[in-house]
Each structure stands twice: as structure tokens, then as C-alpha cells.
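For the sequence shown, numbering that gives the first Met the number 0 assigns the number 0 to the initial residue and increments by one for each residue that follows. From the three backbone atoms N, C-alpha and C, an ideal C-beta is built for every residue, glycine too. To start, the structure itself, in C-alpha cells.
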Amino acid sequence: MNVSVAVFEVNSYQFTVAGNAEHQGLFTSHRFVTVTEAVALAGGPSRFASLSRVVIIRPSPAGPKRIPIDLAAIYSGEHPEMNLTLVTGDTIHLP
0 MNVSVAVFEV NSYQFTVAGN AEHQGLFTSH RFVTVTEAVA LAGGPSRFAS LSRVVIIRPS
60 PAGPKRIPID LAAIYSGEHP EMNLTLVTGD TIHLP
């Protein structure tokens, strides 16, 4: 017996943008969001943000996992693979 599940809408999908973003806070979306989309929802990085030192803090049973992100390299197209999809509970920190 095979069972297939299709997700049409994401409920309770929340993430936080903290640090040097124009509008920090908790955000909710009904679809999955990438790092650049989340930063855009927060109004973009402030002029004080260090784009090459962004970190995703992802909760896990073993403790928070820190994932380094070079936002400048994503924006320039040098490392588009760093534009990860966020999972619920993620925090993006722009130092």
C-alpha cells in the first residue's frame, strides 16, 4: 500500500529576523520562504548590517545549530545555493 501526501498550504510557519534588519521581529507565512525573501519581508538589511556574516539559528533536539550565510554572495549570484529555505522556528541574525 502506497500513500502520497501533498502540502497545499503551510500553517503555523514562523521565523524571526533579528539584528540589523530594518524591521526585526517574528514573521508568519503561508508558504515556505528563503533567506533573501525573509530579509526582504523584514524591510531589508540596515546600513549597519554585515552581509557576509549572517547566521541562521535553527532549533534542534541537540541544541541550536548555527548555519553561516553570506548574504552578499547570494545577492551577487556568487553563491545562490546559500539561499536556503527556512524551517519553522528559524532565526536569521544580521550582525
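Cα-Cα separation between residue i and residue j, rounded to whole angstroms
i          : j          : result
residue 45 : residue 2  : 46 Å
residue 80 : residue 28 : 22 Å
residue 76 : residue 53 : 16 Å
residue 30 : residue 15 : 15 Å
Span of the beta strand (DSSP E), counted from its first residue to its last, around residue i
i          : result
residue 17 : 12 to 18
Proximity to residue i [Cα-Cα], best of the options
i          : options    : result
residue 40 : 64, 13, 59 : 13
residue 84 : 38, 21, 0  : 38
Alpha helix (DSSP H) segment containing residue i, residue limits
i           : result
residue 35  : 34 to 40
residue 154 : Residue 154 lies beyond the residue range present for the chain, which begins at 0 and ends at 94; the question has no answer from this structure.
Residues bridged to residue i [DSSP beta-bridge criterion]
i          : result
residue 29 : Answer is none; residue 29 lacks a bridge partner.
residue 57 : 64
residue 93 : 18
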